[in-house]
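Visitor: My structure is below; once you've seen it, I'll send some questions.
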Amino acid sequence: MTLPTWTSSTATTTRSRSNMLKNVLLLGGMWGMGLGAAFVQLPATQNLLIDAGYASISTAPLGVIMLGSAPCAVVIPKIITRYGEKKTFIAGAFFGIVGAIMQMFGPLTAAMGISAANDVTIQVVLVVIGAIPQAFMYASTNNLRFSVSQFSTPEFLPKATALVLLGGVLSALLGPLLSATTRSMISGALYAGNFLQIALMYVVFATLAFFADFKQPIADTDDVRIGSDDLSLLERQERNAVGESAMLDNATTERTLMQIIKETDLPLLTTFQCLSYNIMAMYMSQLKPPMAAAGYSVDSYTYALTAHMLGMFLPGLFSGQVINRFGTWLTTAVGFLLFPVGGAMFLINDSIAMFVVGITIVGIGWNFSFVGPSAEVSKIHSPAEQSKVVGFNDGIMLLTVGTFFVTASKIYIAVGSWNVFNYILIGLSVFSALLSLLRGLLIWRASGGDDNSFSGDSLAQSLLTAGSLCTL
1 MTLPTWTSST ATTTRSRSNM LKNVLLLGGM WGMGLGAAFV QLPATQNLLI
51 DAGYASISTA PLGVIMLGSA PCAVVIPKII TRYGEKKTFI AGAFFGIVGA
101 IMQMFGPLTA AMGISAANDV TIQVVLVVIG AIPQAFMYAS TNNLRFSVSQ
151 FSTPEFLPKA TALVLLGGVL SALLGPLLSA TTRSMISGAL YAGNFLQIAL
201 MYVVFATLAF FADFKQPIAD TDDVRIGSDD LSLLERQERN AVGESAMLDN
251 ATTERTLMQI IKETDLPLLT TFQCLSYNIM AMYMSQLKPP MAAAGYSVDS
301 YTYALTAHML GMFLPGLFSG QVINRFGTWL TTAVGFLLFP VGGAMFLIND
351 SIAMFVVGIT IVGIGWNFSF VGPSAEVSKI HSPAEQSKVV GFNDGIMLLT
401 VGTFFVTASK IYIAVGSWNV FNYILIGLSV FSALLSLLRG LLIWRASGGD
451 DNSFSGDSLA QSLLTAGSLC TL
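In the working numbering, the protein residues as written are 1 to 472.
This is the structure:
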């Protein structure tokens, strides 16, 4: 991997390659802790609620976190502008710790004799209510993939974003895999140890945030206009396919959100992130019922979830290079096409091998379909416009993901069949892949073949031709 050479015209002061890499890795560690907590949350709350007889709302706690994170995602960029990333992320960790401790007291109530052993009402209420404060933490975690732009040149941004997401490998090792051990750590209070684990992961998140070299808040500077130190952000804007003629004017003039929506690919980029995240989340959240029906234990589900997470994040080692080589839209389309490949594994048989291989491929599909659009969002705004762009993007994405997580169990029960559920997601994935190919094709043709939405490589050209035929 070739690291960029930093000069005085980068987004912050001159930095060495090692210092840049240090900050990217710190953000990757924060991403791993924040997202890992969510992946502990899923099996812990899902298993607890199913055991308590509340299978129809078993994904609700994580859904509450994601749904609540939607409005948080709108305000967090504004808070960052005023107080900076470091204070905002540490505050997010504090709220997360409070929520996790509330959830921990759910199963502890029976162990301490506060409620009858067979009275699950208090446990369920605390587990659901404790999810609410963690919404701010989850939204903060998702903001990391945009915060990385201050540590990267435009050319390196896809790789930097992929490296941050690579930190999710930590979430696989310290998340569901470790949760199998902490589940019964507190005697007489099954799953309480999982919530303690989540709280400790938030503590590590705050510690890493403390050591990261985040830029000074805009509100603490004398001049909020774009200066020479923000030149790399302007260069990113110039790389955007739409609105290039307005770049110099926008260096000193802040556009409204509506102008940005009209002049850039922001709505489409947000749409693809929503599709990628929701397809992956629907597969992941509803994997437990068919595995349980096939007779597999909670531990088997945990191991499958760990493999899924490794599939999500290990491609970060090379997905940035793939995007630079073949372009955002072609890579995104390939990612969406991997979802049906994973889904096809589930249709072969109900062996543990097919469950593990299928959900792992789904994770790989998420990485390729999500990283590119996320990195592109960082290229279409100036520093003054960042809060509104990121707020719009993550607000909508987390709103849709949260809605699906809250209702996922009910949707699955209503469908009544894992195979039918799978076919629906396969169809949506293929549609998303064709839409991505079509958008890349339109940009490529409009640029006369000069745009990097598709590479000049023969393989990319062959896939472009196939995509063109499919969309006619």
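Positions of the beta carbon are idealized from the N, C-alpha and C atoms, including for glycine.
Predicted model only: the values in this text are computed from it and were never measured.
Going by C-alpha to C-alpha distance, which of A189, I129, T121 sits closest to A111?
Guide: Among A189, I129, T121, the Cα nearest to that of A111 belongs to A189.
Visitor: Does R17 pass the burial test, meaning 16 or more other C-beta atoms within 10 Å, or should it be called exposed?
Guide: It counts as exposed.
Visitor: Is the beta carbon of I361 closer than 8 Å to that of L266?
Guide: The answer is no: Cβ separation not under 8 Å.
Visitor: Here's the rule: buried if 16 or more other CB atoms are within 10 angstroms of the residue's CB, otherwise exposed. What is S297?
Guide: Exposed, by the Cβ-count rule.
Visitor: Under a Cβ-count criterion, where at least 16 other Cβ atoms within 10 Å of its own Cβ denotes burial, should D249 be classed as buried or exposed?
Guide: Reliability of the predicted coordinates at D249 is poor, the pLDDT of 44 falling under 50, and the value obtained from them is presented with this limitation in mind. Under this definition D249 is an exposed residue.
Visitor: Should A70 be labelled buried (16 or more other beta-carbon atoms within 10 Å of its own) or exposed?
Guide: Flag for A70 reads buried.
Visitor: For G168 versus G327, is the C-beta distance shorter than 8 Å?
Guide: No, these two residues do not count as a Cβ contact at 8 Å.
Visitor: Decide yes or no for the touch test of the segment 159-173 against the segment 315-324: beta carbon pairs closer than 8 Å, at least 3 of them.
Guide: They touch, by the three-pair rule.
Visitor: Can you tell me which of I57, R145, F392, D299 puts its alpha carbon nearest to the alpha carbon of S184?
Guide: Among I57, R145, F392, D299, the Cα nearest to that of S184 is on D299.
Visitor: Determine the DSSP secondary structure at A91, reduced to helix, strand or coil.
Guide: Reduced to three states, the DSSP call for A91 is helix.
Visitor: Rounded to whole angstroms, how far is the Cβ of G343 from the Cβ of N422, which I believe are closer than 8 Å?
Guide: Right, their Cβ atoms sit about 5 Å apart.
Visitor: Going by beta carbon distance, what residues of the same chain come within less than 7 Å of E235, once the five residues before and after it are set aside?
Guide: A caution first: E235 carries a pLDDT of 44, below 50, which makes its placement in the model too unreliable to give a value.
Visitor: What number of angstroms, rounded off, separates the C-alpha of T181 from the C-alpha of T302?
Guide: Roughly 11 Å between the two C-alpha positions.
Visitor: For T161 and G320, which I take to be in contact (beta-carbon distance under 8 Å), what is that distance rounded to the nearest angstrom?
Guide: The Cβ separation is near 7 Å, so the contact holds.
Visitor: Assign Q46 to one of two classes, buried (16 or more other C-beta atoms within 10 Å of its C-beta) or exposed (fewer than that).
Guide: Buried: at least 16 other Cβ atoms inside 10 Å.
Visitor: Among residues of its own chain, excluding the 5 on either side of M345, which ones have a beta-carbon nearer than 6 Å to its beta-carbon?
Guide: Excluding residues within five positions, the ones whose Cβ falls inside 6 Å are M354, V357, G358.
Visitor: Y191 lies in the alpha helix (DSSP H); which residues open and close that run?
Guide: Element bounds for Y191: n/a, residue is neither H nor E.
Visitor: Taking the alpha helix (DSSP H) that Y283 belongs to, which residues open and close that run?
Guide: Counting along the chain, the alpha helix (DSSP H) containing Y283 begins and ends at 266-285.
Visitor: Going straight from the alpha carbon of M397 to that of T271, what length do you get?
Guide: When rounded, the distance between both Cα atoms is 8 Å.
Visitor: What separation, rounded to the nearest whole angstrom, lies between the Cα atoms of K87 and A206?
Guide: About 9 Å.
Visitor: Rounded C-beta distance between G365 and G63? I'm assuming under 8 Å.
Guide: With 8 Å as the limit, G365 and G63 do not qualify as a contact, their Cβ atoms being about 22 Å apart.
Visitor: Leaving out five residues on either side along the sequence, give the residues of the same chain with a beta carbon under 8 Å from the beta carbon of A408.
Guide: So the qualifying residues of the chain are T59, G63, A281, M282, S285, Q286.
Visitor: Which of the three DSSP states is assigned to P154 in this structure?
Guide: Coil at P154, not helix or strand.
Visitor: Taking C-alpha atoms, which residue in A135, T121, D51 lies nearest to A37?
Guide: The candidate whose alpha carbon is nearest that of A37 is A135.
Visitor: In the structure shown, what three-state DSSP assignment does H381 receive?
Guide: Coil at H381, not helix or strand.
Visitor: Taking DSSP as the reference, what is the three-state secondary structure of T403?
Guide: Three-state result, T403: helix.
Visitor: From P217 to A294, what distance separates their C-alpha atoms?
Guide: Each residue's alpha carbon lies about 53 Å from the other.
Visitor: Please state if the CB of F39 and the CB of L425 are separated by a distance shorter than 8 Å.
Guide: Result no, Cβ atoms of L425 and F39 do not sit closer than 8 Å.
Visitor: Reducing DSSP to helix, strand and coil, say where F370 ends up.
Guide: It is helical.
Visitor: Under three-state DSSP, which class holds K78?
Guide: Correct three-state label for K78: helix.
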